[in-house]
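Data first, discussion second: the structure below is written as structure tokens.
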Amino acid sequence: MAQHQRERTLIGVIGDEDTVTGMLLAGIGHIDSKQQPNFLVVDSKTPLPKIEEMFEELTKRKDMAIILINQHIAEDIRAQLEAHHQAFPTVLEIPSKDHPYDPSKARFSSQACSKAFRRGKVALFVHLLTTSQ
Numbered sequence: 001m002a003q004h005q006r007e008r009t010l011i012g013v014i015g016d017e018d019t020v021t022g023m024l025l026a027g028i029g030h031i032d033s034k035q036q037p038n039f040l041v042v043d044s045k046t047p048l049p050k051i052e053e054m055f056e057e058l059t060k061r062k063d064m065a066i067i068l069i070n071q072h073i074a075e076d077i078r079a080q081l082e083a084h085h086q087a088f089p090t091v092l093e094i095p096s097k098d099h100p101y102d103p104s105k106a107r108f109s110s111q112a113c114s115k116a117f118r119r120g121k122v123a124l125f126v127h128l129l130t131t132s133q
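Counting in UniProt numbering, the sequence shown runs from 1 upward without gaps.
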């Protein structure tokens, strides 16, 4: 495995309050040396440029392995998601409490994501995340 892939150990989250809170309670919260968090809580008052900026920041970070984003929020920045072609960080769309998951809107299938990460430390997390619905 290339050195740069071994450095990618963090999971970023862009989601509603319940999703981000759950992920933080699970221990994925991180503030880097520049005081930048790896998460963004999005509500109805969050401006679209702020969501786009956070997605861009997370995709540029060299320590990000995965970015989780609520599917209904992903719809708002679909063009930006489609423009992201790098293997890392991998972007996974996840359901929220109030918005059920629609597989027809997802960028990648859960099977493809599980295969991509089967050897990494995040394999179990990805498997549980993609099969929990």
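Every residue, glycine too, gets a C-beta built ideally from N, C-alpha and C.
Run the CB neighbour count on residue i, radius 10 Å, all protein chains shown included, and call it buried at 16 or more, exposed below.
{"i": "residue 119", "result": "The pLDDT assigned to residue 119 is 48, lower than 50, so where the model puts this residue is not dependable, and the model offers no usable value."}
{"i": "residue 31", "result": "exposed"}
{"i": "residue 16", "result": "buried"}
{"i": "residue 92", "result": "buried"}
{"i": "residue 8", "result": "buried"}
{"i": "residue 25", "result": "exposed"}
{"i": "residue 12", "result": "buried"}
{"i": "residue 61", "result": "buried"}
Determine the DSSP secondary structure at residue i, reduced to helix, strand or coil.
{"i": "residue 39", "result": "strand"}
{"i": "residue 77", "result": "coil"}
{"i": "residue 11", "result": "strand"}
{"i": "residue 21", "result": "helix"}
{"i": "residue 46", "result": "coil"}
{"i": "residue 134", "result": "Residue 134 is absent from the structure shown; the chain starts at 1 and stops at 133."}
{"i": "residue 28", "result": "coil"}
State yes or no: is the C-beta of residue i within less than 8 Å of the C-beta of residue j?
{"i": "residue 54", "j": "residue 40", "result": "yes"}
{"i": "residue 84", "j": "residue 59", "result": "yes"}
{"i": "residue 103", "j": "residue 65", "result": "no"}
{"i": "residue 94", "j": "residue 71", "result": "yes"}
{"i": "residue 42", "j": "residue 28", "result": "no"}
{"i": "residue 75", "j": "residue 97", "result": "no"}
{"i": "residue 57", "j": "residue 36", "result": "yes"}
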